[in-house]
Every structure is written in C-alpha cells, then in structure tokens.
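Here the structure comes first, spelled out in structure tokens, and everything after it is commentary.
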Amino acid sequence: MLDTKTVTRLSRKAIALATAAVLVPSMGGAQEPERDSIPTDVRVGILYQPSFRPGIVMPRIEAPAELRELADSVRTIILRDLDFSDRLQVMPVGEDIPMEGPTNYGLWDEMGAVWLLVGVLEGRADAPVLRLSLHDVVFRLLQDVRAFDLPPIRHPDTRLTVHVAADQVVEWATSAPGMAATRVAYVARAPGGSEIYLVDSDGFGARRLTDDASIALSPAWSPSGDKLAYMSYRNGDPGIYEIDLAQRRSRLLVDLPGLDMTPGYSRDGTQLGFATTIEGRTEVHTYNLARDCCLKRITFARFSNSLSPTFSPDGRRIAFNSDRLGQLHIFTQDIEDGSAELLTPYIYDRSVHNAGPDWSPTGDRIAFHGWVAGVPEIFTVAPDGRGLRQLTQAGRNEDPSWAPDGRHIVFASSRSGTQGLWILDVVTGRIRRLIRGDEVRLPDWSGRLDSPSRFTDGAAAGANSNP
Amino acid sequence: MVSTWKKNASWVGAIALASVIAACGGQTPEPQPEPEPEPQVQAEPEVDEAAEAAAREAEAARRAAEEEARRKAAERRRVESILSERVNFDFDRSDIRPDAEEILQRKVSVLREYPGIDLRIEGNCDERGSNEYNLALGQRRAEAVKRYLVSYGLEAGRFATISYGEERPLSRGHDEDAWAENRRDDFAMTSQGRLGSGD
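Those protein sequence lines, which keep their order, are chains A and B. Count along the first sequence from 1, then add 2; that gives the number in the working numbering. Count along the second sequence from 1, then add 146; that gives the number in the working numbering.
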C-alpha cells in the first residue's frame, strides 16, 4: 500500500521534472517533503516546489451593521488560519478596494494573487450565515462557493465553525483540507501536580479540562474528537480515564495493578493501546473498546519496558517505545503476527534515547524525539526506517504529535528561553508558537472537529467568541 | 537522692514533736505561738507516709512510662529513619548499587523485627528522559527494590510499588547533583504494625 503510494509519487515527480523542468533537489528517493500537498489537476509549474505558497487575498467581508464586528473577527480568524495552513501566502489588501460589480480579476492578478476569497455575512445576529466564494484569479473563474451557518453571535462555537470554513477554503485551493478546526490537548503544572488542558489550533482559548488535583499525563484524542483518554493518579493508583467532552463526564477505562499509562486510540476508534505493568516491567496491550472486552498483550520482552503505542492508520501495526536493546528505541510491530522491528538506528552509545513516537495520519512518517548530544530533538522517519530526518535544532524539543493534515507537528520546546508548545510545518520548516507556559508538555493534536455542536464544553462557554 | 532527703525531713519532724511534749511538764502555760504550727507538722508525716508511698509509686510508674515512651519514640525514630532512607540509582538504571544495598540491608533487619510494617516503594527519575519512559523506569526502580527485599524472605504482600516518573523531583535543579538526588526510591509506611499500636 505504502509502496504503491511512493511509486505513484515518484512517477508524478518524474513527470513534473520532465514536463515543467522544475528542479527539485534530490533527497535520495526516500524523503518526499511535499508528499501530501499535490493537487492533481492544475499548474504543474508551481506545484512541485515544496515551499511555494500561492498568494490569496481576502477583502473585507460585506456585512450589515449588526454583524459588522462579527464579520471583522471572522475575517481575522480565516486569514490567520490560511496563513497557519502554510499552504497559502496571505497577501495584505487595503480596506477600501471596491467590491461592487463583477469581480475585477485583473486587479487581483496585478497584485500577484492566485486566489481571491470573497466573504459575505448575511442573516440575523441569532443566525448569521457566512457565504464564502473562492475565485481562481489566474484562470478568472469561480472555483467554489459555500454558505456556512454560524452559531448565534458570541456563541462559544463560533470560532470552531469559522475554522471549519477556513479548512474548506484550504481544501478548495489545494485539494487537501486545512487543520484549523482542531484542538491540542496538553499537560501543564497545576496545584497537586499536573492537569490536562485544551487549546485551539490557533492558540486561542487555552483552558483546563481536568480537575483531579493529582498527576494527570499523556492525553490522547479519540479519532472522533468527542473523547479524550489520559492517565491520572487521582485515585492513588495510576489508571487510564476517558473524558466524554460533550457530556463532561469521565470514567475509569483501565485500572490494572501497577502503572496504566500512555493510552492511544486506533484510527477507527475501536482499539485502545496502552502500557501496563507486568512482572515489574511495562508491556503494551490493546483493549477492544467497541466490544468492551478482549485485553490483549502485544509486546513480550523480558527485563525491559515497552510503552507509548501509536497505531498505523490502517490499525494493523503499532509503533512503540522500548529499552529492550539497552538503549531506548522506537520499534514497529504487526499487531497480529507480533514480531518487533527496530525503527531507529542502533548506535553503540548509551545516551541513545528515542521516545514519544506518533504515527502520522497519512501513514508515511513516524515522528519521535531523539537525543542529539543529550538534547532531545524532533525527528521523522518512514515506517520502514528509511529517510530519517531531524527537524529541530534549537533548545529541547519533545513529544511530537501530528496534525490531521499530516504535515504539521506540535511539540514541547524550550526554544527562545521559555517553555511552550510550538507548531512546525515539516514541508516548509516554518515554526510558530502555539502557547507559552512553564512546564507545558505532552501535546496531542486532535483530528478534525468539524461538527462543532458536539464539542461545546462548559469551560469554553465563558470565553468570548471574538478575537 | 531526693527521697533520702524527704526521709530526713520526717525525722526532723519527729524530734521536734518530742521536745514539745517535754516542754509541757510543770511550766506556766504561757500562750506560745509555737505549738500551734506543731500539730500541723505532727499530722503531716502520717499522711505523708501513705501519700509519699503512692506518689513514689506513681512517680516511679510515670518515670517508667516516660522512659518507655522515650524508648519507644527513639525506637520509632530509628525504625522510621531506617525505613524512610532513600535509595539512589544511576542514570537510566534500575539495578541496586552497593551503597543502596547497605541501606536496604538495614531495612531488611527492621522489617524482620517488625513483621506488621508494610511499605509503599515509590520510584522516581531525573528530568532528562522522556516523561512517559520515566514512568516506566520509576516503576522498575520500585520493583527492583521490592524484589531485593523479597529475596531476603520478606513477604511480597508487604510491599506496594508506584512510580512517579519525573513528576515529584526533590531538587528542582538542572545539574548532575540535582539529577543524582532525584533518581531515587522513596519509602512510605502504609501499615505500622506494632510500631503504631504502641505495643
């Protein structure tokens, strides 16, 4: 499956080289940084430059007076999302450009824009409707249009709904959806130890989710985005709990003797992978959530630990962390046949320390952090162990987690002197800070949260809905 | 020493009484202020005898109890300090170091002496490894010590293990000294046995 994909990509690249004469630096065949950003239909000449971002302009949104403030904040949110998608170049545009009459493609073309996004806000304050139309400036045609029902003004779901619209625009323009309508769960210091927090993908609305007054660690989103598993010491003995975000209820999911830790859902949500103590060490297990049964031990390594499982998108394999070779390494393993394969390179050095694996939603890379001279840095590698690539160099960088678009990674970092969560675009290498905070760590990026009503949690209700 | 002095005091009282009786014969009864306090002095020794004996006994018992309490407190301190003594580990290791073995040997003898005492062994790590790996490593550190204690014939059921990974550092520093201090097992008494019952 993966092989055919790679072949297709390579041949596509070969065609591009032949027809458009675009020079792509050779990466030895294993590394395809532009892997998931290639629309299939248009403009060969620009599509194969990984860092090229077509320009997009979005003039001021037309709106009646009572929706004026909302319209401005909607535009701010969308423009930031488009920028954060790292697939489009947001171009500044004056507030005074006349929008009446037929679309003046020549004007936008002159500015160098490839896309023109026109927004209109209609309806009433209790039921605003955002109509977005994306125009292809080069070919002078309307690419796509859609109306988005927004929640009543100042509703806590407003931002998430607008993020969904922004993701749609990214998909229209690049044929790959954006990742704005997502959240990041993470751990931060709190009285009693640590608690689980949530923050929107644009850094807005950071809030505490748990109230355990003990040690809470390792949050993991369910694929549907309506549940979140995490480890907690709230009953003294460490166990894995699951929070239902809509109901705001939490339940004990796993409580075996010893440590129950590092939960992770399979992509279809039917399996929970986790590690638990067996005879004094830690082994990876799965539990069938759909049938609420069938605890199954996956790893068998005497005198060593196996932990932090992460499922491949097809749910057939896991990557996990183990010290069975004396050093800490990442392994992959077929869940059914059960033999572990070393993924990270063995170096005869005691300070090898690779940890925190996360299998990308596109399936073609596994991110992890590994020590370089004792300092953790973010790496990615193909599931067959080829194409190892170091992505960070400044400060300590730990615990990467993929966005659903398979090209952004959130991780904890001490770069720039203070601890925080940062987001890296693996294609362009662009980095931005998500949140600042002492001892924020163990981030986990959600899947796409595109039905906002499900995700209203009480904590967000108090937050204001405008930027 | 004190009680000898008290005995002397009652002798002094008896002599004073004899001289007063002698003075009464044939002399004009002059109202003198002296006799009046005398009966009091005279009455006291008899009451004193019993009270003193009881007091002495109570005193002795109190002293004995105090002594015993002191002894128990000292013993308790000894037991607690031996049992709570931390055990340290090398980086990314869970094997028992020679210095840790000395500490654990002291625990073994105390735990044999007090079969009612149960312990929770808490594994901890320095900040360097990954957060999640450190949980597993801390668990191994706790289990390693448990195995050691059990290997000396102590009942496994007396020991609970838990790992706090790097979540509960003793030192917040970021240097080798702080790390060495934080790589440790802590010990908490979950049942005190006769140490708690005052037996």
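The C-beta atom is built at its ideal place from N, Cα and C for all residues, glycine as well.
For A:L19, which residues in the same chain have their Cβ closer than 6 Å to its Cβ, ignoring the five residues on either side in sequence? For A:L19, the predicted structure reports a pLDDT of 38, less than 50, and the residue's modelled location is therefore unreliable. A value from the coordinates is still provided. Within the same chain, A:L19 has no close Cβ partners at all.
How would you list, in chain order, the residues of chain B whose beta-carbon sits under 9 Å from the beta-carbon of A:H355? D238, R274, G275, S276 and Y279
Q) Among A:D151, A:D98 and A:G241, which has the Cα closest to the Cα of A:A129? A) Checked all of A:D151, A:D98 and A:G241; the closest Cα to A:A129 is A:D151.
Checklist entry - Using the C-alpha atoms, what's the distance from A:L90 back to A:G103? => result If you draw a straight line from the Cα of A:G103 to the Cα of A:L90, it is about 26 Å long.
(message) Three Cβ pairs or more, each shorter than 8 Å: is that satisfied between the stretch 262–276 of chain B and the stretch 314–326 of chain B?
(response) Between the stretch 262–276 of chain B and the stretch 314–326 of chain B there are three or more inter-stretch CB-CB distances shorter than 8 Å, so the stretches are counted as touching.
Exposed unless 16 or more other CB atoms sit within 10 angstroms - verdict on A:P153: buried
**Request:** Tell whether a beta-carbon distance below 7 Å holds between B:E268 and B:Y294.
**Result:** no
I'd like the list of long-range same chain contacts for A:E379, defined as Cβ closer than 7 Å, with 5 residues on each side in sequence excluded.
H371, G372, Q392, T394, Q395 and N399
Per DSSP, what are the beta-bridge partners of A:K298 in this structure? A:T288
Sub-7 Å separation of A:L247 and A:D228 beta-carbons: yes
Quiz item: With a CB to CB cut of under 6 Å and the five nearest residues on each side skipped, what residues in its chain are close to A:L118?
Solution: V59, W110, H137 and V139
At a CB-CB cut-off below 8 Å, which residues of chain B make contact with A:S196?
E313
(Q) What does DSSP give as the partner residue(s) for B:A326 in the beta ladder? (A) In the DSSP output, where bridge partners are listed per residue, B:A326 has none listed.
Residue-chain proximity (A:R450, chain B), Cβ-Cβ < 7 Å: no
inquiry  = Less than 6 Å separating the Cβ of A:R326 from some heavy atom of the ligand COA?
reply    = You won't find the ligand COA in this model; it holds no ligand whatsoever.
- DSSP three-state assignment for A:A127, whether helix, strand or coil: coil
*With 7 Å as the threshold, decide whether the Cβ of A:N307 is near any Cβ in chain B.*
yes
Taking 7 Å as the CB-CB limit, is A:T42 close to chain B? The predicted model places A:T42 with a pLDDT of 40, which falls under 50 and marks its position as unreliable, so this point remains unresolved.
Following the continuous alpha helix (DSSP H) through B:G284, name the residue where it begins and the one where it ends. N277 to S297
Answer yes or no: does any C-beta atom of chain B fall closer than 7 Å to that of A:S310? yes
Original post:
List, in order along the chain, the chain B residues whose C-beta lies closer than 7 Å to that of A:S220?
Top reply: Residues of chain B with a Cβ closer than 7 Å to the Cβ of A:S220 are, in chain order, E278.
(message) Strictly by DSSP, which residues pair up with B:F305?
(response) In the DSSP output, where bridge partners are listed per residue, B:F305 has B:L265.
State yes or no: is the C-beta of A:V172 within less than 7 Å of the C-beta of A:A149?
no
If we call anything under 7 Å between Cβ atoms a contact, is A:R438 one with A:G422? yes
*asked:* Suppose you measure from the CA of B:E221 to the CA of B:D245; what does that come to, to the nearest Å?
replied: 24 Å
Against B:R293, what residues of chain A qualify as contacts under a CB-to-CB distance less than 8 Å, listed in chain order? Listed along chain A are G282, each with a C-beta nearer than 8 Å to that of B:R293.
Self-check item: Members of the stretch 253–278 of chain A that neighbour chain B once the beta carbon cut-off is set at 9 Å
Solution: If the cut-off is 9 Å between Cβ atoms, the stretch 253–278 of chain A has G260, L261, M263, T264 and A277 near chain B.
Notebook entry, point to check: For a contact meaning CB atoms closer than 9 Å, what does A:L90 contact in chain B?
Noted result: None at all; the shortest Cβ gap to chain B is about 35 Å.
*Can you tell me the Cα-Cα spacing of A:H165 and A:Q249, whole angstroms?*
23 Å
message: Give me the chain D residues within the contact set of A:E400, using Cβ-Cβ distance strictly less than 7 Å, ordered along the chain.
response: Annotation note: the requested chain D is absent from the structure, which comprises protein chains A and B.
What span of residues does the beta strand (DSSP E) with A:Y232 cover, start to end? K229 to S234
Counting only beta-carbon atoms, is A:G358 nearer than 7 Å to chain B? yes
Kindly confirm or deny that the stretch 302–315 of chain A and the stretch 259–279 of chain A touch, where touching means at least three C-beta pairs closer than 8 Å.
yes
- Show which residues of chain B have a CB atom less than 9 Å away from the CB atom of A:H371. Within chain B, the residues near A:H371 are S276.
Alpha carbon of B:G303 to alpha carbon of A:D214, nearest angstrom:
One C-alpha to the other measures close to 29 Å.
Open item on the list: Please tell me whether B:E289 has its Cβ less than 7 Å away from any Cβ of chain A.
Closed with: yes
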